[in-house]
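*Asks:* Position one of the sequence shown corresponds to residue -15 (the working numbering), numbered consecutively onward.
Each residue gets a CB set at the ideal place from its N, CA and C atoms; glycine is no exception.
Remember, predicted model here, so these are calculated numbers, not experimental data.
Shown below is the structure under consideration.
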Amino acid sequence: MPLTILGIRHHGVGSTQNVIEMLEQIQPDMVLVEGAPELDSIISWIGNEQLRPPVAVLGYNIDEPQQATFYPFAEFSPEWQAILYANNRQIPVKMLDLPLAIGFQQNKNEKESNIVEEPNPEDSESIEPLPIHKDPISYFAEIAGYDNSELWWEHHFEHNYIANSAKEHFDAVMLMMSELRQANIPSVLDEENIAREAYMREIIRKAQNELYSNIVVVCGAWHAPALLDVDSTAKADTKLLKSLPKTKIKVATTWIPWTNQRLSMHSGYGAGITSPGWYDFLWKNNKQKDFAIEWLSHVARLFRKKQVDISTAHVIEAFRLAETLTSLRGLSRIGLLELNEATQTVMCMGDTVLLSLVKDKLIVANRLGEVPDELPKVPLQLDFEKLAKSNRLALTAEKKDYELDLRKELDLNRSKMIHRLDILEINWGQKVYARSKGTFKEAWTLAWKPEMYLSLIDKAVWGNTLEDACTKYLIDTSQKSQNIGKIADNIQKAIPAELFIAIEFLLKKIDEVATISADILDLMTALKPMVEVSRYGNVRKTDLGAIRQIVDSLLTRICIGLPNTCYGLDDDNSRKVFEHIQQVNEATRLIENDELTQLWFDTLKKLLNKEGIHSIIQGCTCRLLLDAQEIDTEETAERFAWALSQGQEPNFSAGWLEGFLKGSGIILIYDHVLWNLLYKWVAELPQEYFTELLPILRRTFSHFVPNERQQLGEKAKAGTIIQSQEFTTINENFNHQRAESVLPILETLLGITPL
-15 MPLTILGIRH HGVGSTQNVI EMLEQIQPDM VLVEGAPELD SIISWIGNEQ
35 LRPPVAVLGY NIDEPQQATF YPFAEFSPEW QAILYANNRQ IPVKMLDLPL
85 AIGFQQNKNE KESNIVEEPN PEDSESIEPL PIHKDPISYF AEIAGYDNSE
135 LWWEHHFEHN YIANSAKEHF DAVMLMMSEL RQANIPSVLD EENIAREAYM
185 REIIRKAQNE LYSNIVVVCG AWHAPALLDV DSTAKADTKL LKSLPKTKIK
235 VATTWIPWTN QRLSMHSGYG AGITSPGWYD FLWKNNKQKD FAIEWLSHVA
285 RLFRKKQVDI STAHVIEAFR LAETLTSLRG LSRIGLLELN EATQTVMCMG
335 DTVLLSLVKD KLIVANRLGE VPDELPKVPL QLDFEKLAKS NRLALTAEKK
385 DYELDLRKEL DLNRSKMIHR LDILEINWGQ KVYARSKGTF KEAWTLAWKP
435 EMYLSLIDKA VWGNTLEDAC TKYLIDTSQK SQNIGKIADN IQKAIPAELF
485 IAIEFLLKKI DEVATISADI LDLMTALKPM VEVSRYGNVR KTDLGAIRQI
535 VDSLLTRICI GLPNTCYGLD DDNSRKVFEH IQQVNEATRL IENDELTQLW
585 FDTLKKLLNK EGIHSIIQGC TCRLLLDAQE IDTEETAERF AWALSQGQEP
635 NFSAGWLEGF LKGSGIILIY DHVLWNLLYK WVAELPQEYF TELLPILRRT
685 FSHFVPNERQ QLGEKAKAGT IIQSQEFTTI NENFNHQRAE SVLPILETLL
735 GITPL
């Protein structure tokens, strides 16, 4: 019985055109297309007006949705057109590959049996290196002088250079793949492909036994030779298929919107093309002789929309250059590479930025497919749409601002939903500054993008509802983690999302990790997010007692271990610890616990007076204690003078100054005593020391805001400042009555109600 094997390249335009031509010639009574049999129930939708590519079939394990895979299709995909041909003519069409259920079971078995001890580095000589996987087509490409096998395939098959008909095209593909398979390429002659091809042959036999007499098979080119002789391998295939794992896994499938960008990703089934917009253009314009001019016209229109001056002459000259490049390279047809080089040279004047615009808008041309509303959807998507409707949040591309009052049930539910989406990295809402004060206020700007449906589907593996998916996601990412900062971040996300099961697990986890952690810096990293979540109060309906206990425990451990952690550090590690000290100091101010706050200040005083502490840390602690009024200005001036005295090493003085002034130079503007000490120290530095310390000083002052730097520059011109009676005189002549007359106007402007 006639059996025709058409070996194709997934998403190849030339392959698609040749498949259509062969189908028209053969007029088959059965079409078999590479893909899991579970897709048989869903491919009947191809041809529906509301199913518009790019789209993908999502197949997933019903009981364990985290087991899932995607089958993407573009309009120019050979598989799509083959199925469309069969559906339009009511010809039976079936998918041809190993069932997803078997693949899911194999993966499950591998995970269960793949508990292997980590190899001992001392035994590394006994470990065999992994084989290097190589694209088999690259062997032919290298012989022809190509360093890109995809480009070689494009020139010789997709552009139909060596074939005068579709039959000659597929004969050439079959011959090439047969030679490669006979060469026993190890990277693709693996157990998975052997099992897949055995199952493919079994499906072909079943079709033949059902008395279909004119069968066409559309499959990846590599598999084509293996499907030619289905009779002689029947016994071996039966034996092999019996060895496959038995499974009761139930697989569900549905169509989802896909994007061109996803087609260009090297993930999923049959993905990996880098120019979907270009292929779509070829699909619609390939038969036109002037297709290259049409493409360059698209490029010109794009540039004109971006206010770039492009004339008809640019298009003509770019086309001539592309033609010349094609001729010099011995090609019979202009390709995308030649058009890109001509575009960059003529239209972009060599500018790669403009060419990147072409790649983004035309070559990739991100588009989102559409699926009918009546199609089955994954449970997570259904739950999301239900929540959006009940919370009265419209899925619109236009930006819409929401200011939420968390004391109101509707606003609280909206907030929970947005926070939960953020956990799943679906950033529908952008948090903005709330005009009203208080932890019960939140402000968001929502802007829905169709691509977010894809992210929602991607996260469907974590659960059937938004709450369940977020809970499992947070627990999974924290389960094996010993990074206390990461766990604290997850708690910070879980509190406003009201994921109580996750919160309970994460609190136990962070307490467990904190108890055994000897890394003070990890504890310092975790403190700030924990303090922030402890401030949400009862509006989040969360018992925050356990969180406050952990905060108290973290800060206590930090205070005990910090002096020893800071001992003997070098410059880089001192700066790293300095940043952590600032964060803990800020967190301590938020705790509002006098006992813990005093414990922290006592720890800073130990650092200030302890020998072996780097000058950067000592300068930092001096400034923090001054700002908190734990030491007075006189003591500060004494320590400042001591740090910059001639008896100190210049590097010590520069480090102390860097720590003291980090982030703010306003103290030097208003404190003339400290300014004079600094000015005198710099003026008296020997030339060689000044040159050595200049980068440190520049780095310190570069972090000040421009206005501070300008005022300090003016002050430096004047030199040392002599304390005068000017301010005292002004103070004595100050007219309080005139000053108070502006207060009513200020109260009106600021919206302050007078007491």
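Does DSSP classify PRO56 as helix, strand or coil?
*Replies:* Along the sequence shown, read from residue 1 onward, the residue named residue 56 stands at position 72. Of the three classes helix, strand and coil, the one that applies to PRO56 here is strand, per DSSP.
*Asks:* Please list the segments of the alpha helix (DSSP H) lying wholly inside the stretch 56 to 87, counting only runs of 4 or more residues, in order along the chain.
*Replies:* 62 to 72
*Asks:* Under 7 Å between the Cβ atoms of TYR663 and THR704?
*Replies:* On the sequence shown, residue 663 is found 679 positions in, with the first residue counted as 1. On the sequence shown, residue 704 is found 720 positions in, with the first residue counted as 1. Yes. Within cutoff.
*Asks:* By how many angstroms is the C-alpha of GLU186 removed from the C-alpha of GLY(-9)?
*Replies:* Here residue -9 corresponds to residue number 7 of the sequence shown, with the count starting at 1. Here residue 186 corresponds to residue number 202 of the sequence shown, with the count starting at 1. Whole-angstrom Cα-Cα distance: 18 Å.
*Asks:* Straight-line CA distance for LEU574 to HIS720?
*Replies:* Locating residue 574 in the sequence shown gives position 590, where the first residue counts as 1. Locating residue 720 in the sequence shown gives position 736, where the first residue counts as 1. Taking the straight line from one Cα to the other gives about 36 Å.
*Asks:* Compare the Cα-Cα distances from ALA612 to each of PHE562, PHE585, ALA638 and report the closest residue.
*Replies:* Sequence index remark: in the sequence shown, residue 612 carries index 628 (1-based). Comparing Cα-Cα distances from ALA612 to each of PHE562, PHE585, ALA638, the minimum goes to PHE585.
*Asks:* Going straight from the alpha carbon of THR620 to that of LEU610, what length do you get?
*Replies:* In the sequence shown, the residue the question calls residue 620 occupies position 636. In the sequence shown, the residue the question calls residue 610 occupies position 626. Distance between THR620 and LEU610, taken at the CA atoms: about 7 Å.
*Asks:* Which whole-angstrom value is the C-beta distance of VAL17 and TRP267, which I expect to be below 8 Å?
*Replies:* As a first step, residue 17 must be located in the sequence shown, where it is residue number 33. As a first step, residue 267 must be located in the sequence shown, where it is residue number 283. Wrong, their Cβ atoms sit about 18 Å apart, outside the cutoff.
*Asks:* Output needed for GLU109: all residues of its chain with C-beta closer than 7 Å, excluding positions within five of it in sequence on either side, in chain order.
*Replies:* Here the question's residue 109 lines up with position 125 in the sequence shown. Caution is warranted here: a pLDDT of 37 is assigned to GLU109, below 50, making its placement in the model unreliable, and the coordinate value is therefore given only provisionally. Correct list: empty, nothing qualifies.
*Asks:* Assign MET79 to buried or exposed, taking buried as 16 or more other Cβ atoms, counted over all protein chains shown, within 10 Å of its Cβ.
*Replies:* Taking the first residue of the sequence shown as 1, we reach residue 79 at position 95. So MET79 ends up on the buried side.
*Asks:* Please go through the same chain and pick out, in chain order, the residues whose beta-carbon is closer than 8 Å to the beta-carbon of GLN365, but skip the five residues on each side of it.
*Replies:* In the sequence shown, the residue the question calls residue 365 occupies position 381. TYR437, LEU440, ILE441, ALA444, listed in sequence order.
*Asks:* Cα separation between THR429 and ILE402?
*Replies:* Taking the first residue of the sequence shown as 1, we reach residue 429 at position 445. Taking the first residue of the sequence shown as 1, we reach residue 402 at position 418. For THR429 and ILE402, the distance between alpha carbons rounds to 11 Å.
*Asks:* Quick one: is ARG(-7) buried, meaning 16 or more other Cβ sit within 10 Å of its Cβ, or exposed?
*Replies:* As a first step, residue -7 is located in the sequence shown; it is residue number 9 there, counting from the start. By the 10 Å Cβ count, ARG(-7) comes out buried.
*Asks:* Counting along the chain, where does the beta strand (DSSP E) carrying GLU8 start and finish?
*Replies:* Position 24 of the sequence shown, counted from the first residue, corresponds to residue 8. From DSSP, GLU8 is part of no beta strand (DSSP E) but of the alpha helix (DSSP H) over -3 to 10.
*Asks:* Alpha carbon to alpha carbon, how far is LEU592 from ALA627? Give it in angstroms, no decimals.
*Replies:* Sequence index remark: in the sequence shown, residue 627 carries index 643 (1-based). Sequence index remark: in the sequence shown, residue 592 carries index 608 (1-based). Taking the straight line joining both Cα atoms gives about 12 Å.
*Asks:* Is the separation between the beta-carbon of PHE303 and that of LEU339 shorter than 7 Å?
*Replies:* The residue labelled residue 303 in the question sits at position 319 within the sequence shown. The residue labelled residue 339 in the question sits at position 355 within the sequence shown. Contact: no.
*Asks:* Quick check on the DSSP output: the beta strand (DSSP E) that includes THR(-12) runs from which residue to which?
*Replies:* By 1-based counting over the sequence shown, the position of residue -12 is 4. First-last of the beta strand (DSSP E) with THR(-12): -13 to -8.
*Asks:* Would you check if the distance between the CB atom of MET158 and the CB atom of ALA208 is smaller than 7 Å?
*Replies:* By one-based count along the sequence shown, residue 158 stands at place 174. By one-based count along the sequence shown, residue 208 stands at place 224. Yes, these two residues count as a Cβ contact at 7 Å.
*Asks:* Extract the residue ranges of the alpha helix (DSSP H) inside the stretch 266 to 303, only unbroken runs of 4 or more that lie entirely within it.
*Replies:* 275 to 289
*Asks:* Hey, out of GLY639, ASN91, ALA349, whose CA is closest to TRP262's CA?
*Replies:* Within the sequence shown, the letter at position 278 stands for residue 262. Out of GLY639, ASN91, ALA349, ALA349 has the C-alpha closest to the C-alpha of TRP262.
*Asks:* My assumption, with CB atoms under 8 Å, is that LEU286 sits in contact with PHE368. Please give the rounded CB distance.
*Replies:* Position 302 of the sequence shown, counting from 1, holds the residue named residue 286. Position 384 of the sequence shown, counting from 1, holds the residue named residue 368. In fact, because the Cβ distance is near 35 Å, the residues do not count as touching under 8 Å.
*Asks:* I need the straight-line Cα distance from THR617 to ASP503, nearest angstrom please.
*Replies:* As a first step, residue 617 must be located in the sequence shown, where it is residue number 633. As a first step, residue 503 must be located in the sequence shown, where it is residue number 519. C-alpha separation (whole angstroms): 34 Å.
*Asks:* Give the DSSP bridge partners of ILE199, in chain order.
*Replies:* Here residue 199 corresponds to residue number 215 of the sequence shown, with the count starting at 1. BP columns for ILE199 point to LEU(-13), MET14.
*Asks:* Is the CB-CB distance between ALA427 and VAL416 below 7 Å?
*Replies:* Position 443 of the sequence shown, counted from the first residue, corresponds to residue 427. Position 432 of the sequence shown, counted from the first residue, corresponds to residue 416. It is a contact, given that the beta carbons lie within the stated cut-off.
*Asks:* On a Cα-Cα basis, can you pick out the residue from ALA472, ALA486, ALA150 that is closest to ALA453?
*Replies:* The sequence position of residue 453 within the sequence shown is 469, counting from 1. Cα-wise, what sits closest to ALA453 is ALA486.
*Asks:* Quick one: using the 10 Å Cβ neighbour count with 16 as the cut-off for buried, is MET333 buried or exposed?
*Replies:* The count along the sequence shown starts at 1 and reaches residue 333 at position 349. That one is exposed.
*Asks:* Are the CB atoms of ILE600 and SER558 within a distance shorter than 7 Å?
*Replies:* Numbered from its first residue, the sequence shown carries residue 558 at position 574. Numbered from its first residue, the sequence shown carries residue 600 at position 616. Yes, Cβ-Cβ distance for SER558 and ILE600 is below 7 Å.
*Asks:* What residue range is occupied by the uninterrupted beta strand (DSSP E) comprising VAL214?
*Replies:* The residue you call residue 214 lines up with position 230 of the sequence shown. From DSSP, VAL214 is part of no beta strand (DSSP E); its letter is neither H nor E.
*Asks:* Using the Cβ count rule (16 or more neighbours within 10 Å means buried), how would you classify ALA66?
*Replies:* Translated into the one-based positions of the sequence shown, residue 66 becomes position 82. With 16 or more Cβ atoms within 10 Å of its Cβ, ALA66 is classed as buried.
*Asks:* Just to check my reading of the structure: ILE318 and ALA276 have Cβ atoms closer than 8 Å, yes? What is that Cβ distance to the nearest angstrom?
*Replies:* Residue 318 sits at position 334 when you count from the first residue of the sequence shown. Residue 276 sits at position 292 when you count from the first residue of the sequence shown. Indeed they touch by this definition, with Cβ atoms about 5 Å apart.
*Asks:* For VAL666, which residues of its own chain have a beta-carbon under 8 Å away from its beta-carbon, when the five flanking residues on both sides are left out?
*Replies:* As a first step, residue 666 is located in the sequence shown; it is residue number 682 there, counting from the start. Residues of the same chain with a CB within less than 8 Å of the CB of VAL666, apart from the 5 flanking positions on each side, are PHE674, LEU681 in chain order.
*Asks:* What would DSSP say about LYS151, mapped onto helix, strand or coil?
*Replies:* Translated into the one-based positions of the sequence shown, residue 151 becomes position 167. Reduced to three states, the DSSP call for LYS151 is helix.
*Asks:* Three-state secondary structure (DSSP) at ASP389?
*Replies:* Reading the sequence shown from its first residue, position 405 is the one you call residue 389. The answer is strand: DSSP assigns ASP389 an E or B state.
*Asks:* On the three-state DSSP scale, how would you describe LEU669?
*Replies:* Position 685 of the sequence shown, counted from the first residue, corresponds to residue 669. Coil at LEU669, not helix or strand.
*Asks:* Spatial neighbours of LEU114 within its chain, please: CB distance less than 8 Å, with the 5 preceding and 5 following residues excluded, ordered by chain position.
*Replies:* Here residue 114 corresponds to residue number 130 of the sequence shown, with the count starting at 1. Below a pLDDT of 50, predicted positions are generally treated as unreliable, and LEU114, at 38, falls in that range; no measurement from the model is reported.
*Asks:* One question on the structure: do PRO513 and ASP460 come within less than 7 Å of each other, judged by their Cβ atoms?
*Replies:* Translated into the one-based positions of the sequence shown, residue 513 becomes position 529. Translated into the one-based positions of the sequence shown, residue 460 becomes position 476. With respect to the 7 Å criterion, PRO513 and ASP460 are not classified as neighbours on the basis of their beta carbons.
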